[in-house]
Each structure stands twice: as C-alpha cells, then as structure tokens.
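Going from the sequence shown to this note's numbering is simple: count from 1 and add 718.
Each residue gets a CB set at the ideal place from its N, CA and C atoms; glycine is no exception.
Owing to the predicted nature of the structure, the values given are computational and were not obtained by experimental measurement.
As structure tokens, the structure follows; a few thoughts come after it.
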Amino acid sequence: MRKASKSKKAFVAAVLMMSLTFSGLASAADMKTIKKDGMELVQLRQAAKMYGYSIMWDSKDRSVTLMYMGKTNEMMKDDMMKKDDSMMKDNMMKEEAMMPAAKTIQVWVGSKKMMVDGMQVNLKSMPLIYEGNTYVSDMVVSKYMEPMKVMK
C-alpha cells in the first residue's frame, strides 16, 4: 500500500471540511430537474423542503400551496469563519436575517398563472406532474422561493 503525500492528505482534508461547511450544496446539486420544451423544471417538493416551506396539495383544483415556515437550509447561512478557522468575535458580526422572497406561493398544474403573497404572476411554462411529482420552472424557485439577506 502506498503512503499518501502530505499535499494529498491536505487536499482530502480540505475537501472534507468544505463538504461539511457547505452541506447544503449537495442538496442544491442533487435537485431533481427535467427538461420540457427547452425549459428546465425543478421538483417543487424538494425545493420547498430545501428553503423551509410547507407544501399542501389540493387534488380538487390540482394546486400546490407553499407556506414559508421560517427556517432555511444551512447552505443559506453565512460562513462566519476567518482564514485561520477561528470564529469571529460577536462584536465583529453583522446581523443579517434570511427572509423568504415570498411567504405564500400557489401554483396550479396546467396553468401559467400563480399567486405570490396574494398577487397574480404569469409563468413562462405551466407546472406539470411527472412521475407523481409537481415540477415548476426554475424561475419560480430562484425568484420567489430563495431567501434574501436583509440587514437588521
């Protein structure tokens, strides 16, 4: 068995630390998507869970309602570490809060209209059901679901 060089060990340790630090990146990278008519569609349930939304399906009108529950994935939080891996002192930290782009989102399967916090929004592509899961355009996730940083 060959001995690993110090640089290889350091590299492996760095990769391991990065994977632990940015644990949420794996969730984002593993986001289930499909392509339909040249558009990339994202699995709505997976995105909702990742960004802290509850999800409710209404089979009568074939709609999905998302409600923000006040929590976000760890990947959304700032990495408040210095280069030497020591924590910054409390008085050096800026207070930032993560606020959802929208608190309530409702989409209808087969419709290009959706409601965002009570306001109607037009979509480029209709949400659809594929293999029992609802998929929406990636714009729904990036524009209306991803939390935004707000300075307190």
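For residue 776, the pairing in a beta bridge is given by DSSP as 781. Going by DSSP, residue 757 is part of no alpha helix (DSSP H) but of the beta strand (DSSP E) stretching over 757-761.
Distance from the Cα of residue 827 is smallest, within the candidate group 756, 779 and 751, for 779.
In terms of CA proximity to residue 781, 762 leads the group 762, 768, 857 and 767.
By the neighbour-count criterion, in which 16 or more other beta carbons inside 10 Å mark a residue as buried, residue 832 falls on the buried side.
The three-state reading of DSSP puts residue 827 in coil, since its state is none of H, G, I, E or B. For residue 829 and residue 853, the gap between their C-alpha atoms comes out near 12 Å. Pairing residue 771 with residue 842, the inter-Cα distance amounts to about 23 Å.
Residue 777 and residue 764 have their C-alpha atoms spaced approximately 19 Å apart. Taking residue 752 as the centre and dropping the five residues before and after it, the same chain places the C-beta of 759, 848 and 853 closer than 7 Å to its C-beta, in chain order.
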